[in-house]
Amino acid sequence: MKSFWRSPFYILFAATAVVLIANGSRQSFGLFLDPIITDLDWGISEFALAIATQNLVMGIAAPFTGALADRYMRPTTVIALAAGLYTVGLALISVSVTPETMFLSAGVIVGIGASGVGLTLPLGIVGRIAPEKSRTLWLGIVTGGGSAGQFTFGLTTTGLIDSFGWASGILGLAAMVAVAVPLAYSMRWAGDTAFSKPDTETLGSALKRASSHRGYWLLVMGFFVCGFQVQFVGTHLPKYLTDSGAGPWLAATAISIIGLFNLFGTIIAGWAGGKWRKRNLLSQIYIARGLLFLIFLYLPVNEVTVIGFSAILGVLWLSTVPLTSGIVAQIFGPRYMSTLFAIVFLSHQIGAFTGVFLGGLFYDIFGTYEAAWWLAIGLSATAAFLHCCINDRPIKLPAPVKTT
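In terms of the working numbering, the sequence shown opens at residue 22 and continues consecutively.
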């Protein structure tokens with residue numbers, strides 16, 4: 022029986038399921054924006070600040086949870102503890118009726134929990150156990166779990182809110198996130214598989230190598246743009262659509278369609294990353310995003326345009342993740358991937374904070390999201406250029422060393 026739990030394919034399945042739950046629940050927060058600000062009589066920026074803080078805290082905590090998993094604890098133990106904290110934070114949102122308590126529950130507690138149960142640790146586990154030639158594809162499958170979660174949780178969350186109200190809806194999310202705890206525990210044998218090979222360097226030396234690598238910092242800067250765009254759209258698209266005359270179900274459908282099509286987009290990106298140069302694929306993805314935003318900004322909002330926009334954006338949505346994490350593993354090797362990718366992910370979450378907060382701030386100032394859309398378009402061009410300049414050749418690792 023133990024051999025079943027040790028199987029790389031089971032670990033791939035369980036890691037994908039954890040990401041499905043974590044990402045699906047996080048990408049549903051935008052659906053709570055209108056019900057919460059209406060019920061509590063808040064401005065958009067007050068709720069947006071809590072969600073923006075969640076993204077920032079998640080990013081800041083990610084390198085620490087990554088280091089815990091890489092050096093001091095089983096990665097699966099860290100994931101299980103983080104999932105429990107995430108569940109508590111979600112439950113507390115249901116009784117948060119002031120901006121301060123919402124900031125603490127949705128922003129700080131959920132942010133810390135999400136740092137350990139989100140993409141970085143599951144990707145780190147799978148990156149270590151995956152066959153080298155198929156690594157980017159396996160990373161794409163795990164990332165695709167987040168897309169499946171977005172599709173599944175989008176309509177489910179809307180149904181909970183419509184049937185029971187936003188407070189009960191968030192408790193429903195908490196119950197679903199709690200399932201990640203036993204899932205993480207079921208992967209406990211992954212650590213034995215992942216650390217079966219001798220270390221080639223210490224965590225400290227890996228961090229030193231990365232900090233002096235120009236391509237690594239270009240990757241860090243480029244991933245900021247991904248975070249800005251994804252969280253701006255994920256949080257503010259439902260409000261943008263309802264302001265344009267669309268019903269709440271079309272807004273929920275848009276989020277779900279993005280998730281559905283990104284399920285295919287991430288797997289395709291993972292497959293493509295094994296055949297073509299990852300940095301060039303990333304540049305093309307950011308260019309495509311910018312063009313899509315520009316076209317959508319001038320189209321009328323109706324079922325056809327929203328569904329079409331959501332489907333195309335879905336293909337591009339998190340397709341950056343297997344390629345970005347794949348470049349990290351390609352340059353530095355998979356041993357300390359959780360920590361090294363977590364630092365890149367911190368930049369993503371700083372971008373997410375900026376996108377969510379500026380989206381709400383611009384709306385409160387101008388009464389429209391147009392300025393935020395234009396900023397997202399400009400950032401696409403910047404990211405495309407940055408990725409073209411990345412030196413993605415693998416570095417030469419030292420001989421195996423003993424760690425204490």
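The C-beta atom is built at its ideal place from N, Cα and C for all residues, glycine as well.
Quick one: using the 10 Å Cβ neighbour count with 16 as the cut-off for buried, is Val-116 buried or exposed?
exposed
Ordered along the chain, which non-local residues of its own chain (more than five positions away) have a Cβ less than 6 Å from that of Ile-308?
Ala-405
Report the three-state DSSP secondary structure of Gln-171 (helix, strand or coil).
helix
How should Lys-229 be labelled, buried or exposed, when 16 other C-beta atoms within 10 angstroms of its C-beta is the threshold for buried?
exposed
Using the beta-carbon count (16 or more within 10 Å), is Arg-414 buried or exposed?
exposed
Report the residue from Phe-387, Ala-90, Gly-161, Ile-398 whose alpha carbon sits nearest the alpha carbon of Ser-346.
Gly-161
For Gln-48, does the three-state DSSP call read helix, strand or coil?
coil
I'd like the list of long-range same chain contacts for Leu-284, defined as Cβ closer than 6 Å, with 5 residues on each side in sequence excluded.
Gly-165, Ser-168, Ala-169
To the nearest angstrom, how far is the alpha carbon of Ala-290 from that of Asp-62?
42 Å
For Phe-374, tell me which candidate among Ile-182, Phe-253, Gly-388 has the shortest Cα-Cα distance.
Phe-253
So what's Arg-230 in DSSP terms, helix, strand or just coil?
helix
Which residues in the same chain have their Cβ closer than 7 Å to the Cβ of Phe-245, if we skip the five residues on either side of it in sequence?
Ser-368, His-369, Ile-371, Gly-372
What's the gap between the Cα of Ala-267 and the Cα of Phe-353?
47 Å
Could you check the C-alpha separation between Ser-28 and Arg-209 for me, to the nearest Å?
11 Å
In whole angstroms, what separates the C-alpha of Leu-258 from that of Trp-270?
12 Å
Separation of Tyr-384 from Val-99, as counted between CA atoms
38 Å
Do Pro-355 and Gly-148 have their C-beta atoms closer together than 7 Å?
yes
State the CB to CB distance for the pair Ala-275 and Val-327, rounded to an integer number of angstroms; the pair is presumed to be in contact (CB under 8 Å).
5 Å
Quick check on the DSSP output: the alpha helix (DSSP H) that includes Trp-270 runs from which residue to which?
269-294
Between the segment 56-70 and the segment 376-390, are three or more C-beta pairs nearer than 8 Å?
yes
Determine the closest residue to Trp-297 out of Gly-248, Thr-119, Lys-154, Lys-260, with distance taken between C-alpha atoms.
Lys-154
Cβ contact check for the segment 134-150 and the segment 90-107: 3 or more pairs under 8 Å:
yes
Taking the straight line between their C-alpha atoms, what separation do you get for Leu-192 and Ala-112?
5 Å
Burial state of Gly-399, where buried means 16 or more other Cβ atoms lie within 10 Å:
exposed
Residue from Leu-176, Ser-49, Gly-186, Ala-82 whose Cα sits closest to the Cα of Asp-60
Gly-186
Any Cβ of chain E within less than 7 Å of the Cβ of Phe-314?
No chain E is part of this structure, which consists of one protein chain only.
My parser needs the beta strand (DSSP E) runs of 3 or more residues fully inside the segment 332-417; what are they?
none
Alpha carbon to alpha carbon, what distance is there between Leu-262 and Lys-299?
34 Å
Using 7 Å as the threshold, is the C-beta distance between Ser-304 and Phe-172 below it?
no
Check Ser-189 in the structure and name its three-state DSSP category.
helix
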